[in-house]
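Here the structure is laid out as structure tokens; the discussion comes afterwards.
In this note's numbering, the protein residues as written are 69 to 621.
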């Protein structure tokens, strides 16, 4: 298959053709102008010389002498040599030559036009005479009365005119050749640079590559961001614009001027490599991968891919939550079997009253908590969350206490956000209590305040939080767990912070004998005002589960 010519080579050939046409046309015009000028100069020269020579008294005297030919031949010879003309011919009105550069032709008839001169008018013409093609002037010679009694013709051969033309055209030819070479060299240099910039591709290949590039950028489900070495946004596909909330005029602006939020603003501006870094951005969980791009040792900028893992993290969290509930149910089933054997044995021993008492104590305790939460918490998702966390905590050996003043009326805070907030704080508190010495306790309070705010307080019996870490605990990636901990470490409290920010709330952290997190939310400022999530909807229980498996403290 024949290789297609690259775009740079096509442009070079086109420029070369244009340059050749321009230089050739200019050279031709200069040649025509020089030739016309040389001819005009020759005509002016012979006519002026002939007119002046015809007026000389010595010429008239020679014509009146007994032998005009002998008298005029020396005059013609001296004038011809002095002026550089090729012939000076004096003649009678009947064309008979008195003088000629070739003496043998004296007396022969003059070859050429003489009628205008006989009529008394000087003229010039191009004519091929006995010496060859020439530019000649023919003028009348008048006597004292003014009558024409002889003629004079002075001419310059075309060969001499051609030599003069050639002499004058040498500089033009040199300049034209120099201009052609200079223009060709400049065009070649430009084409070489363009060839490097277009990677040697042809116009059709570039068009095809752009179409494929545009199609890929529009259809890929990952966000793609390209930033120049100077921190200027070069490209962001549709998915990246949606994930980052970019406007249509974002491309070409500095990353710092795009209004991005942490941590992606710092990541994109730094240009540092990042390997699948998990980021909480707004209400999304993004995985950012950033690499530096170089070609031939020259930095081209950074390419960042953004994958939306919000749904994936929610599903993974929901799976972990289900696993936790399964483990709790398995433990409860084991305990129930033990209690059942105990009850049966008491009955067999003839102590049915004590068997009934033993069987109903645990059931009453659990049912009492369920009834109290159902009555006090009108949001079913939050009530189910607290009951589930109580079972999980018991299975892990942690006592989860829901305070008596817990009371949450139906509010404008989305169920998903409630589950995200409370679920993360409780999971972190359980982990913190497990890391400390017994007794291990977690205390949860959730109640509506008279001013419409929602207060959530979670306390644990853990080791607390060091004062120097209080400003960092809500940052993505901060954790006290070991590297072998759960996937997504350092994410839960960052999501808690996002929920607080969406509702214009505030959080206080007290540390001492354990940590106490107190969150106040203002429902009327939230983005979901008027929405009330249903328990079991995707994203609520799943979101909580996501946070539960990612607790930090």
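All residues carry an ideal CB built from backbone N, CA and C; glycine is no exception.
Are there 16 or more other CB atoms within 10 angstroms of the CB of residue i, so buried, or fewer, so exposed?
{"i": "residue 81", "result": "exposed"}
{"i": "residue 88", "result": "exposed"}
{"i": "residue 470", "result": "buried"}
{"i": "residue 413", "result": "exposed"}
{"i": "residue 508", "result": "buried"}
{"i": "residue 461", "result": "buried"}
{"i": "residue 246", "result": "exposed"}
{"i": "residue 162", "result": "exposed"}
{"i": "residue 370", "result": "buried"}
{"i": "residue 565", "result": "buried"}
Might you give, ordered along the chain, the residues of its own chain that have their beta carbon closer than 7 Å to the beta carbon of residue i, omitting 5 neighbours on each side?
{"i": "residue 151", "result": "117"}
{"i": "residue 515", "result": "473, 474, 475, 476 and 523"}
{"i": "residue 83", "result": "255"}
{"i": "residue 143", "result": "126, 127 and 130"}
{"i": "residue 563", "result": "348, 488, 492 and 615"}
{"i": "residue 494", "result": "457, 510, 512 and 526"}
Measuring alpha carbon to alpha carbon, tell me which of the options ends up nearest residue i.
{"i": "residue 344", "options": "334, 372, 352 and 362", "result": "372"}
{"i": "residue 205", "options": "415, 490, 582 and 111", "result": "111"}
{"i": "residue 227", "options": "251, 240 and 194", "result": "194"}
{"i": "residue 341", "options": "361, 327, 325 and 352", "result": "361"}
{"i": "residue 224", "options": "214, 200 and 241", "result": "200"}
{"i": "residue 164", "options": "178, 170 and 171", "result": "178"}
{"i": "residue 463", "options": "168, 248, 502 and 350", "result": "502"}
{"i": "residue 250", "options": "519, 521 and 91", "result": "91"}
{"i": "residue 321", "options": "329, 336 and 302", "result": "302"}
{"i": "residue 242", "options": "363, 99 and 352", "result": "99"}
{"i": "residue 219", "options": "279, 157 and 258", "result": "157"}
{"i": "residue 346", "options": "318, 481, 376 and 299", "result": "376"}
{"i": "residue 214", "options": "188, 575 and 222", "result": "188"}
Measuring only the C-alpha atoms, how far is residue i from residue j?
{"i": "residue 217", "j": "residue 238", "result": "45 Å"}
{"i": "residue 147", "j": "residue 122", "result": "12 Å"}
{"i": "residue 212", "j": "residue 128", "result": "9 Å"}
{"i": "residue 579", "j": "residue 529", "result": "10 Å"}
{"i": "residue 625", "j": "residue 499", "result": "Here the chain has residues from 69 to 621 only, and residue 625 is not among them."}
{"i": "residue 39", "j": "residue 198", "result": "As shown, the chain starts at 69 and ends at 621. That puts residue 39 outside it, with no answer to give."}
{"i": "residue 573", "j": "residue 324", "result": "27 Å"}
{"i": "residue 11", "j": "residue 490", "result": "Residue 11 falls outside the range modelled here, since the chain spans only 69 to 621, and no answer is possible."}
{"i": "residue 359", "j": "residue 367", "result": "11 Å"}
{"i": "residue 154", "j": "residue 170", "result": "11 Å"}
{"i": "residue 137", "j": "residue 182", "result": "19 Å"}
{"i": "residue 184", "j": "residue 95", "result": "38 Å"}
{"i": "residue 159", "j": "residue 97", "result": "40 Å"}
{"i": "residue 520", "j": "residue 587", "result": "14 Å"}
{"i": "residue 291", "j": "residue 577", "result": "36 Å"}
{"i": "residue 311", "j": "residue 288", "result": "13 Å"}
{"i": "residue 167", "j": "residue 145", "result": "8 Å"}
Reducing DSSP to helix, strand and coil, say where residue i ends up.
{"i": "residue 330", "result": "coil"}
{"i": "residue 208", "result": "strand"}
{"i": "residue 193", "result": "strand"}
{"i": "residue 88", "result": "helix"}
{"i": "residue 142", "result": "helix"}
{"i": "residue 294", "result": "strand"}
{"i": "residue 361", "result": "strand"}
{"i": "residue 581", "result": "coil"}
{"i": "residue 304", "result": "strand"}
{"i": "residue 278", "result": "helix"}
{"i": "residue 473", "result": "coil"}
{"i": "residue 202", "result": "strand"}
{"i": "residue 59", "result": "The structure shown has nothing for residue 59, since the chain only spans 69 to 621."}
{"i": "residue 576", "result": "strand"}
For residue i, collect the residues of the same chain with a Cβ closer than 6 Å to its Cβ; drop the 5 residues on either side in sequence, then sort them by chain order.
{"i": "residue 77", "result": "none"}
{"i": "residue 458", "result": "468"}
{"i": "residue 309", "result": "none"}
{"i": "residue 293", "result": "304, 308 and 372"}
Please indicate yes or no: does the CB of residue i lie closer than 7 Å to some heavy atom of the ligand NAP?
{"i": "residue 141", "result": "This structure does not include the ligand NAP; it has no bound ligands of any sort."}
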